[in-house]
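Here the sequence shown is numbered in the numbering used here, starting from 400 and rising by one per residue.
Virtual Cβ for every residue (Gly too), placed ideally from N, Cα, C.
Single-structure report; data block below.
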Amino acid sequence: MGKRIASYSEKGGVGKSATAAGMVAAARKRRLDGTAGAVYAADLDPRGTLTSELGINAPAFTMNDLLAMDPKGERGLAAEALTDASEDWAGVRVIAAERALANREADQATGFEFRLRHALDGVLGEDDDLIFDLPPRAGGKLVTAALLAATHVVIPATLNEDGRIGAEEAMETIEIIRDSYGHDLHVVAIVPSIVPGGRTTLADAIGKQLAATYGDLYRDDLAIPRHTLREQTRYACVPVTSQTGREAAALSAAYDSILTAAGATK
400 MGKRIASYSE KGGVGKSATA AGMVAAARKR RLDGTAGAVY AADLDPRGTL
450 TSELGINAPA FTMNDLLAMD PKGERGLAAE ALTDASEDWA GVRVIAAERA
500 LANREADQAT GFEFRLRHAL DGVLGEDDDL IFDLPPRAGG KLVTAALLAA
550 THVVIPATLN EDGRIGAEEA METIEIIRDS YGHDLHVVAI VPSIVPGGRT
600 TLADAIGKQL AATYGDLYRD DLAIPRHTLR EQTRYACVPV TSQTGREAAA
650 LSAAYDSILT AAGATK
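Here is the structure:
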């Protein structure tokens with residue numbers, strides 16, 4: 400089974416979807432270079448930020464449709480939910496989100512939280528990578544389903560109070576998932592996100608607090624820099640790895656380093 404890496408924070412605006420898109424771009428580049436397997440993305444955020452960035456509009460089958468299925472049904476059904484990303488993201492296959500996905504939070508079916516994990520059974524090869532984008536909320540059914548389907552989780556954290564709180568609450572939810580379900584979910588790192596070139600006193604203080612609280616899980620060496628190019632590529636719906644110049648190189652290196660930290664094939 401390949402790596403299933405979730406990008407998760409319980410606060411919005413901390414670079415969660417950007418980190419997911421960046422990891423997809425880095426995994427795709429490895430695929431194009433012939434050093435990795437297939438690349439998949441799964442969007443569990445009803446806002447569909449990752450879905451849009453991957454150039455997908457009005458998909459015929461979505462994450463909502465997949466999770467609405469009988470949890471006792473056939474395994475491996477995620478293969479039928481996959482949609483090709485746009486030509487700019489050629490080679491990436493996606494389980495897309497839609498606004499109606501929010502309705503799954505009210506799904507009362509027994510075993511709902513295992514639907515995604517069962518649906519993915521047998522879909523990924525040994526060298527394949529699947530990147531999840533999770534909604535920025537405290538637990539909930541979509542978050543639980545995604546974390547139970549994931550093998551690894553990356554927690555982006557802006558160096559401000561939202562980033563700190565989002566990381567802290569994400570870690571609490573992960574511990575609940577581990578304890579409640581006996582799920583061996585590996586936290587790759589808490590990654591400083593959208594980091595400006597000249598750090599402020601507050602940013603330094605938040606970084607030190609996260610390091611003091613989480614020790615080696617806080618990875619300043621994996622920091623994702625704040626560059627205008629990141630928003631430009633999001634607007635254009637193209638991978639940052641397809642761009643040239645200093646900013647593209649810095650962002651691409653950061654996302655690739657995160658994949659390496661997660662043990663993804665290179």
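At the C-beta level, Tyr654 and Ala440 stay beyond 8 Å of one another.
Comparing alpha carbon positions, the residue from Leu523, Asp527, Leu515 and Ala610 closest to Leu533 is Leu515. The region 569–582 and the region 596–606 do not touch, with fewer than 3 CB-CB distances between them shorter than 8 Å.
Rounded to the nearest whole angstrom, the CA to CA distance from His517 to Ile657 is 26 Å. Contact between the region 627–639 and the region 445–454 is present: 3 or more CB-CB pairs across the two stretches fall below 8 Å.
In this structure, Ala477 sits away from Val438, with a CB-CB distance that is not shorter than 8 Å.
With fewer than 16 other beta carbons inside 10 angstroms of its own, Asn456 counts as exposed.
Counting along the chain, the unbroken beta strand (DSSP E) around Leu529 starts and ends at Asp528 to Asp532. Partner residues in a beta bridge of Tyr580, as assigned by DSSP, do not exist. By the beta-carbon neighbour count (other beta carbons within 10 angstroms, threshold 16), Arg492 is buried.
The secondary-structure analysis by DSSP pairs Arg492 across a beta bridge with Tyr439 and Asp483. In the DSSP secondary-structure assignment, Ile554 is bridged to Ile589.
As the crow flies, the alpha-carbon of His551 is around 31 Å from that of Gly597. Per DSSP, Ile404 lies in no alpha helix (DSSP H); the unbroken beta strand (DSSP E) holding it starts and ends at Lys402 to Ser406. Bridge partners of Val594 according to DSSP: Pro624.
When Arg498, Arg446, Asn502 and Asp442 are compared, the shortest CA-CA separation from Ala480 is found for Asp442. A direct Cα-to-Cα measurement between Ser579 and Tyr613 gives close to 21 Å. Less than 8 Å divides the Cβ of Val413 from the Cβ of Thr557. Burial check for Pro591: the Cβ neighbour count within 10 Å reaches 16 or more, so the residue is buried.
Taking a C-beta distance under 8 Å as the contact criterion, Ile554 and Ala566 qualify as a contact pair. Counted as a single uninterrupted DSSP element, the stretch harbouring Asp619 is not any alpha helix (DSSP H), since DSSP gives it neither H nor E. When rounded, the separation of the alpha-carbon atoms in Ile404 and Asp444 is 15 Å.
With a threshold of 16 other beta carbon atoms within 10 Å, Asn502 falls short and is exposed. Counting along the chain, Leu476 sits inside no alpha helix (DSSP H), nor does DSSP assign it H or E at all. Taking the Cβ atoms as the reference, Ala652 lies roughly 17 Å from Ile530, outside the contact range of under 8 Å.
The straight-line gap separating the alpha-carbon atoms of Lys410 and Ala426 is approximately 25 Å. The Cβ atoms of Asp528 and Gly436 sit closer than 8 Å to each other.
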